[in-house]
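Below is one structure, written out as C-alpha cells; the observations come after it.
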Amino acid sequence: MGKQRNKKDKANGGAAAAPMDVSSENAADTPQAMDTSEGAISNPALKPVSGKIKKGIPLRRSKNLKKQKAIARAITNSEKSLEKVSKSKNKMSRIQSAKTLYE
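Take 1 as the starting number for the sequence shown in full-length UniProt numbering and just add one per residue.
If you want it as C-alpha cells, here you go:
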C-alpha cells in the first residue's frame with residue numbers, strides 16, 4: 001500500500017479541514033502596498049554554521065593532484081613513445097646492416 005499522507009485528517013477524527021472564507025469584501029476593495037522589507041533569518045538552524053563549512057583549500061589540493069598526475073602520465077607516455085621510436089630505429093639499423101652483410 002502507499003504512504004498515508006493525510007495524517008491531519010486522521011488527527012481531527014476523519015473530518016475534512018474547514019474551507020477558507022473568501023467572502024471578505026474589504027480585502028479585495030482596498031489596494032495593499034507591496035511588502036518590500038527583507039526579513040532576517042530568525043531560525044538559527046537555517047543560518048550557516050561557520051565551524052562546519054569547509055574552505056576551498058581541499059578542492060585546490062585535489063585540483064593540483066589531478067594536474068600533477070596528468071603531467072606525470074603525459075611524461076611517462078612521451079618516454080614510452082621515445083623508447084618505441086628508438087627501438088624501431090635500432091631495429092631498422094640492424095636490418096640494414098644484415099642486408100649489407102648478405103649482399
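Every residue, glycine too, gets a C-beta built ideally from N, C-alpha and C.
Can you tell me whether DSSP reads residue i as helix, strand or coil?
| i | result |
| --- | --- |
| A74 | helix |
| M34 | coil |
| E83 | helix |
| Q68 | helix |
| Q96 | helix |
| K91 | helix |
| R5 | coil |
Going along the chain, which residues of its own chain have a beta-carbon closer than 7 Å to the beta-carbon of residue i, five neighbours each way excluded?
| i | result |
| --- | --- |
| E83 | none |
Using C-beta distances below 6 Å, list every residue in its chain close to residue i, excluding the 5 sequence neighbours before and after it, in chain order.
| i | result |
| --- | --- |
| S88 | none |
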